[in-house]
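Colleague: A single structure is presented below for examination.
Numbering (UniProt numbering), first residue to last: 1 to 352.
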């Protein structure tokens, strides 16, 4: 299989993107081109679904729609100077590709006109004296066109390689910007974004969506007693357990401080309680020891709350109910799992 960044595939995607933009009356500036190139290349399933939905609904790609697509799928999680610089370099490279393709189209048009002119002269029955001149003219125009094509191929290859390098660098920056540096889990910003998408998917598929809110018991006391370095090791220990238990479809995140969260798509409340209990049990079996002194520091325990999405519920409300269940677990003695059904006034849920 050819790489999506190989010259012929990249050229095909570039031309197909421009053709679709023209057909849907989308202005061909770099921001729009980046979105439609990604759509044609098929690298982003969420982007593909979003554009397909607009196309299938017969809606127009207005400036507002185009801006929303760019903001949703191309704007970076954090507006750092380095991200802005790389983004600008990508736009410049895309702009050069557009210029190359425009020049190629002009060259093709000019070559076609020259061939038509030669064809007309040949149809008129050239004399023996003028025929060599006509042939020489055709050869000269063909050489010019061949040179233009070679230049275009080289420039497209250079630009394609540059865009590939920039995109890889951009992916690294975006990953760093959406990852908690200490635990390597998703950070709060990525959690919020992932939850919004998960809610949309749950409504579209009518599948249950659960959320776990997790808090390390007595973490502040542990930090104050043993110091932040050992406190960081506790956070990493919990993160490792979340990573081991969470499935590929799930999103485990450091929500803030000593609090974690897990998004569980296609998971009813009962199943989310089983996942929560697995996390709690695995962490509680760990015994902490100061490797330098050999001092036994005890065990880490978690209080976990679970909630499942209600029909037409906002993401914040789902998180709030899981959080309330987590605080109930703390009030009931810590080191346990509670769900929204355990609250004093349980909320009837759409998915059981």
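Glycine included, every Cβ here is placed at the ideal spot set by N, Cα and C. Source: prediction; values computed, not measured.
If you draw a straight line from the C-alpha of residue 266 to the C-alpha of residue 209, how long is it?
Modeller: Computed Cα separation, rounded: 5 Å.
Colleague: Helix or strand or just coil, what does DSSP make of residue 22?
Modeller: Note: residue 22 maps to helix in three-state DSSP.
Colleague: Quick one: what's residue 299 bridged to in DSSP?
Modeller: Beta-bridge pairing links residue 299 to 287.
Colleague: Sort out for me which residues DSSP pairs residue 336 with in a bridge.
Modeller: According to DSSP, which records beta bridges pairwise, residue 336 is partnered with 303.
Colleague: Between residue 299 and residue 288, how many whole angstroms is the CB-CB distance? I'm expecting something under 8 Å.
Modeller: Contact flag correct, Cβ pair sits at about 7 Å.
Colleague: Tell me the rounded alpha-carbon separation between residue 18 and residue 168.
Modeller: So the two alpha carbons sit approximately 23 Å from each other.
Colleague: Where in the segment 162-229 do unbroken runs of the alpha helix (DSSP H), each at least 4 residues long, occur, reported from the N-terminal end onward?
Modeller: Correct list: 188-205 and 219-226.
Colleague: Between residue 196 and residue 45, is the Cβ-Cβ spacing less than 8 Å?
Modeller: Not in contact: residue 196 and residue 45 (Cβ atoms no closer than 8 Å).
Colleague: Would residue 242 pass as a contact of residue 260 if the rule is Cβ separation under 8 Å?
Modeller: Taking 8 Å as the Cβ cut-off, residue 242 and residue 260 qualify as a contacting pair.
Colleague: Residue 306 and residue 212: beta carbons closer than 8 Å?
Modeller: Yes, the Cβ-Cβ distance between residue 306 and residue 212 is below 8 Å.
Colleague: To the nearest angstrom, how far is the alpha carbon of residue 383 from that of residue 73?
Modeller: Here the chain has residues from 1 to 352 only, and residue 383 is not among them.
Colleague: Following the continuous alpha helix (DSSP H) through residue 261, name the residue where it begins and the one where it ends.
Modeller: Here residue 261 belongs to no alpha helix (DSSP H); instead the beta strand (DSSP E) covers 259-265.
Colleague: Can you tell me the Cα-Cα spacing of residue 318 and residue 198, whole angstroms?
Modeller: The alpha-carbon atoms of residue 318 and residue 198 are separated by roughly 12 Å.
Colleague: Starting from residue 50, follow the alpha helix (DSSP H) in both directions and report where the run begins and ends.
Modeller: Per DSSP, residue 50 belongs to the alpha helix (DSSP H) from 45-56.
Colleague: Taking the alpha-carbon positions, what's the residue 323 to residue 270 distance?
Modeller: Taking the straight line joining both Cα atoms gives about 17 Å.
Colleague: With 16 other CB atoms within 10 Å as the buried threshold, where does residue 338 fall?
Modeller: Residue 338 should be labelled buried.
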